[in-house]
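Worksheet: the structure to be examined is printed underneath.
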Amino acid sequence: MRKAHKKKENCFICGARFSLKGTGGIKFESREFKVLFCEGCGLGKTTPFLTESALRSLYSSTYREEDATRFPTPLERLIKVVREGRRRRVERFSAKGRILDVGCGRGDFLLMMRARGWDCSGLELDNRVAQKSKNGVDLKSGSLSDVRFPDAYFEAVTFWHVFEHVKDPEWTLNECARVLKPGGLLVLAVPNMSSLQSRMAGNGWFHLDPPFHLYHYSAENIKKLLEKNGFEVLSVRHFSFEYNPYGFIQSIYNKMGLKTNLLYDFLRSRAPKNIATKAAMAFTIASLPFVAALSVGLSLTEAALRAGGTIEVYARKKTEHS
């Protein structure tokens with residue numbers, strides 16, 4: 047394993063300082079976190095960073111189940127149908143060939159791509175999940191710093207809501223540039239800190255998610271980061287049916303003062319344990335049709351304003367002549 051890189055005090059995108067003023071305390075399992083913002087480009091940084099071993103332990107215990115699922119089977123199946131759009135968008139920008147999915151979970155996206163004729167590789171931090179790779183997908187346990195791929199090896203590298211978890215984004219982008227062929231495609235799907243739902247919800251924004259999300263990007267500063275590190279941005283998508291409406295739904299309930307992420311926990315089969323929480327859950331279920339309809343409308347509005355709650359950034363590795 048190559049040596050981890052030290053975190054930088056100044057912003058790695060523009061070099062400005064991080065303001066001492068940030069979000070207020072955000073509690074997670076008895077610890078308190080806050081998000082500081084770069085005074086230049088607005089990049090957010092969670093503080094304090096947990097150690098890598100502590101984060102890996104949290105991923106294993108709270109982030110997903112051992113089989114890499116988060117939700118009951120019917121909801122997982124619906125998510126798979128929605129994710130077919132990922133395949134179409136990757137193929138819009140890249141010829142078929144080798145693809146690497148970083149943070150691939152159990153490899154469902156790669157199975158979809160393999161069925162279309164791609165040569166698929168995946169990386170998954172959670173060793174329990176990596177050991178359950180199925181149907182011959184080349185799935186390795188670890189991060190991008192743990193595995194040495196050949197130079198100019200892949201046509202495409204994807205990070206589906208993984209890049210915000212990365213401790214050293216610049217090193218990661220440089221490594222992606224190394225393993226991508228000239229003109230190869232890089233896809234980063236991340237929460238958008240300058241989104242309408244982020245601004246409306248503040249600390250209650252569902253996609254803020256410290257301590258798991260280490261950096262908090264906007265469409266503007268992530269484009270600067272990519273261009274600084276040898277990539278040309280081709281497209282930024284501001285709507286995700288999987289992520290954006292639910293981001294509004296849960297954020298609205300969080301701002302009402304209900305237990306943080308109560309509905310999300312319920313969908314993950316974590317039943318309320320006390321009378322107050324059960325009452326809050328009953329209110330949530332009763333009001334959900336209205337809140338869901340409102341959230342879809344708000345998500346379409348923020349997408350039209352180019353301020354989507356999450357974004358997908360498609361970028362091409364620059365060639366010597368580009």
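Numbering (the working numbering), first residue to last: 47 to 368.
All C-beta atoms in this analysis are idealised placements derived from N, C-alpha and C, irrespective of residue type, glycine included.
Which residues DSSP lists as bridging residue i, in chain order
i, result
"D147", "G168 and T204"
"F155", "In DSSP, F155 forms no bridge with anything."
"I357", "V236"
"V23", "What is shown of the chain runs 47 to 368, which leaves residue 23 out entirely."
"T92", "V81"
"D184", "S167"
Close beta carbons around residue i, own chain, < 6 angstroms, minus the five adjacent residues each side
i, result
"A198", "K227"
"E358", "A235 and R283"
"L272", "V279 and A361"
"G143", "E201"
Whole-angstrom C-beta distance between residue j and residue i, which should lie under 8 angstroms
i, j, result
"G343", "H284", "Not quite, the Cβ-Cβ distance comes to about 15 angstroms (not below 8 angstroms), so this is no contact."
"V183", "F209", "The pair is not a contact, with the Cβ atoms about 21 angstroms apart (cut-off 8 angstroms)."
"E216", "N275", "6 angstroms"
"L260", "K213", "6 angstroms"
"G90", "V81", "5 angstroms"
"L190", "L169", "6 angstroms"
"G293", "T356", "7 angstroms"
Per-residue burial, residue i [other beta carbons within 10 Å of its own, 16 or more giving buried]
i, result
"D192", "exposed"
"G303", "exposed"
"A100", "exposed"
"R132", "buried"
"V136", "buried"
"T347", "exposed"
"G61", "exposed"
"L351", "exposed"
"S297", "buried"
"V233", "buried"
"A326", "buried"
"M47", "With a pLDDT of 45 at M47, under the threshold of 50, the modelled position of that residue is not reliable, and the figure given next carries that caveat. When all chains shown are included, M47 counts as exposed."
"S341", "buried"
"N56", "exposed"
"G153", "buried"
"V127", "exposed"
Cut-off 7 angstroms between Cβ atoms - residues of its own chain near residue i, not counting five sequence neighbours on either side
i, result
"F74", "P256 and P257"
"C150", "L156, G168, L169, E170 and L185"
8 angstroms CB neighbourhood of residue i in its chain, flanking five on each side removed
i, result
"S65", "L82, F83, C84 and E85"
"S140", "E201, A202, G230 and L231"
"I72", "E78, F79, K80, V81, N249, L254 and P256"
Cβ-heavy atom distance, residue i to the ligand ATP, below 6 angstroms
i, result
"L313", "The ligand ATP is absent from the structure shown, which contains no ligands of any kind."
Practice problem: Report yes or no: do the stretch 219-235 and the stretch 354-363 share at least 3 C-beta pairs separated by less than 8 angstroms? | Solution: yes
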